[in-house]
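Structure first, then comments.
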Amino acid sequence: EFHQIAIQLTSSHNPIVSQSSSFTASAALFFSGASSSFGALWYRLRSEMFTLKKHKPTISSSSITRITDLDDYILAEIISKLPIKHMIGCQSVSRLWHHVISSICIPKITSSPVYGLIFNTCIPFPKCKMGTWSFACINAFSEKVGSPNTSLVESCLGRRLPFDPSPNSLLDCCNGMLLFFDRSSMQFYVYNPSTEQYIAIPNSPRRGGPPDGALFFDPHFKIVHVSGLSPRLNIYSQATRKWSVYNLDLDPCVVDSFWSPRYVFLDGFLYKLSMSGHLVIIDLQQIDSQAIKLPDLVVAGDLIGCLGVSQGILHYSWADKQSNMSVWMFVQRGDTKEWVLKHTISLEYRYKHPVLNNDRDFLWFSVFAFHPTSDMLFAGNLGELFCYDPGTKRLERICRLREDTVIYSGQCLVFPFSVNLTPLCAPLKEIAGEPKHALTFSFV
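Set out below in structure tokens:
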């Protein structure tokens with residue numbers, strides 16, 4: 001239906017920028033039989049055209065009467081506002097749209113290792129608990145948004161998955177895929193919000209809902225969670241489509257402590273932070289574990305820091321709330337691995353930086369996530385997310401939350417998100433990160 005609408009938009013009989021009452025009436029009539037979402041997309045396209053026309057003085061106002069009159073890159077900016085699934089489907093509208101989407105839009109959104117950030121928000125009073133999942137886009141045609149939106153996450157939380165999720169149903173994000181868990185059916189789901197597809201995972205043989213879980217690719221995707229008072233390591237492999245369960249011996253120093261809900265996978269190992277002040281390392285090949293003490297500066301407690309992978313190396317950050325925010329790398333030295341200090345970032349600039357001008361800015365500031373391919377840090381406080389470049393000391397705001405809303409557990413529940421346009425029915429190596437940039441896709 002949307003394809004037919006888009007085809008009519010490109011017709012010479014439908015001038016898109018006409019502001020006459022007759023055009024408005026005909027547009028309303030045209031969409032009377034279409035769904036409200038398609039109508040909303042039409043008016044969004046139309047408003048974008050007006051905005052671009054108004055702010056592009058080099059383009060003659062009288063020369064723009066149809067979408068086809070626009071420059072390819074301006075048209076790409078407009079089309080990129082559509083949901084990714086609809087954008088891809090619109091390649092069949094015309095040769096022009098096929099060219100613009102396949103050669104400009106798709107390479108643009110898939111070439112960036114981070115398209116946006118998924119994070120949880122809550123209302124802090126009377127009691128702060130997990131709330132709405134939000135999405136802040138940071139790389140859509142270099143567009144920065146002033147406030148987060150929930151459209152990407154709501155597409156799966158509200159309409160696409162075959163169950164009614166709660167905020168704690170979303171467990172992990174990896175390679176453009178989201179991991180959900182339905183506590184009523186005890187079933188995991190792997191969901192691709194870019195293609196709006198999901199795969200239902202067979203139930204784990206171990207009963208009891210996992211408080212957390214990990215999704216990673218090695219090279220096909222696997223799901224891991226630890227369950228039971230006598231710890232069991234549960235691993236699901238997409239290659240075998242089966243669960244494997246192993247006994248897991250843990251170091252006594254982390255057995256009785258709380259763990260951060262976030263797993264990090266790198267080179268066959270799973271890493272997780274323990275509130276006791278240790279890094280838990282699980283060897284997925286040998287089915288073994290060990291606990292390594294965190295850097296000496298770290299004070300064990302609730303705000304245990306942020307763990308992630310950047311440029312193929314495990315990174316860890318911790319802020320002392322007063323003066324410094326430190327970043328370490330966990331690297332091999334001889335036969336052992338050790339912490340190597342990478343950055344010490346003074347927090348004194350908070351009081352002078354023009355971007356940080358809100359009372360909430362001064363309460364707390366910390367790293368929330370690591371950029372996978374550069375030194376860029378995704379940092380934040382209770383009400384804002386930022387990009388920070390330690391080399392140039394440049395701080396740029398990504399988004400600001402409403403005054404009555406705060407970021408919930410930012411050090412472990414902020415997920416970098418990348419666009420993966422490979423259908424879940426594709427060969428495993430393509431889902432894992434070697435997509436063939438086909439020009440058309442099928443969806444379920």
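The sequence shown begins at 1 in the UniProt record's numbering and counts up one residue at a time. Glycine is no exception: its CB is placed at the ideal position from the N, C-alpha and C atoms.
Under the three-state reduction of DSSP output, C412 falls in the coil class, being neither helix nor strand. The three-state secondary structure of W243, taken from DSSP, is strand. The three-state secondary structure of S227, taken from DSSP, is strand. When DSSP states are grouped into helix, strand and coil, R160 belongs to the helix group.
Here S92 carries a helix assignment [DSSP, helix/strand/coil]. Going by DSSP, D182 is part of the beta strand (DSSP E) stretching over M177 to D182.
Judged by DSSP in its simplified three-state form, W339 adopts strand. Counting every other CB atom within 10 Å of its CB across the protein chains shown gives V255 a total below 16, marking it as exposed. P162 and P416 have their alpha carbons spaced roughly 25 Å apart. Here DSSP, grouped into helix, strand and coil, assigns H371 to coil. Taking 9 Å as the cut-off, the beta carbon of L170 is found no closer than this to the beta carbon of L385. The alpha-carbon separation between I109 and H99 amounts to approximately 15 Å.
The shortest C-alpha to C-alpha distance from D375 to any of C128, L82 and V309 is the one to V309. For A76, the enclosing alpha helix (DSSP H) covers residues D72 to I79. A Cβ-Cβ contact shorter than 9 Å links T344 with S326. Closest option to H86, judged by alpha-carbon separation, among P193, N203 and Y236: P193. With at least 16 other beta carbons inside 10 angstroms of its own, F181 counts as buried.
Within the model, the alpha-carbon separation for L273 versus L341 is close to 18 Å. Contact between the segment 229-240 and the segment 188-204 is present, with at least three C-beta pairs closer than 8 Å.
Y408 is positioned such that its CB atom lies closer than 9 Å to that of F119. Checking the DSSP bridge columns, you'll see Y263 has no partner listed.
The beta strand (DSSP E) runs of length 3 or more contained entirely in the segment 270-321 are, from start to end of the chain, 278-283, 288-293, 306-310 and 313-319. In this structure, S323 keeps its C-beta atom at 9 Å or more from the C-beta atom of L297.
A residue is called buried when at least 16 other Cβ atoms come within 10 angstroms of its Cβ; K127 does not meet this threshold and is exposed.
With contacts defined by Cβ atoms closer than 9 Å, W339 and P295 form a contacting pair. Taking every protein chain shown into account, the CB of N381 has 16 or more other CB atoms within 10 angstroms, so this residue is buried.
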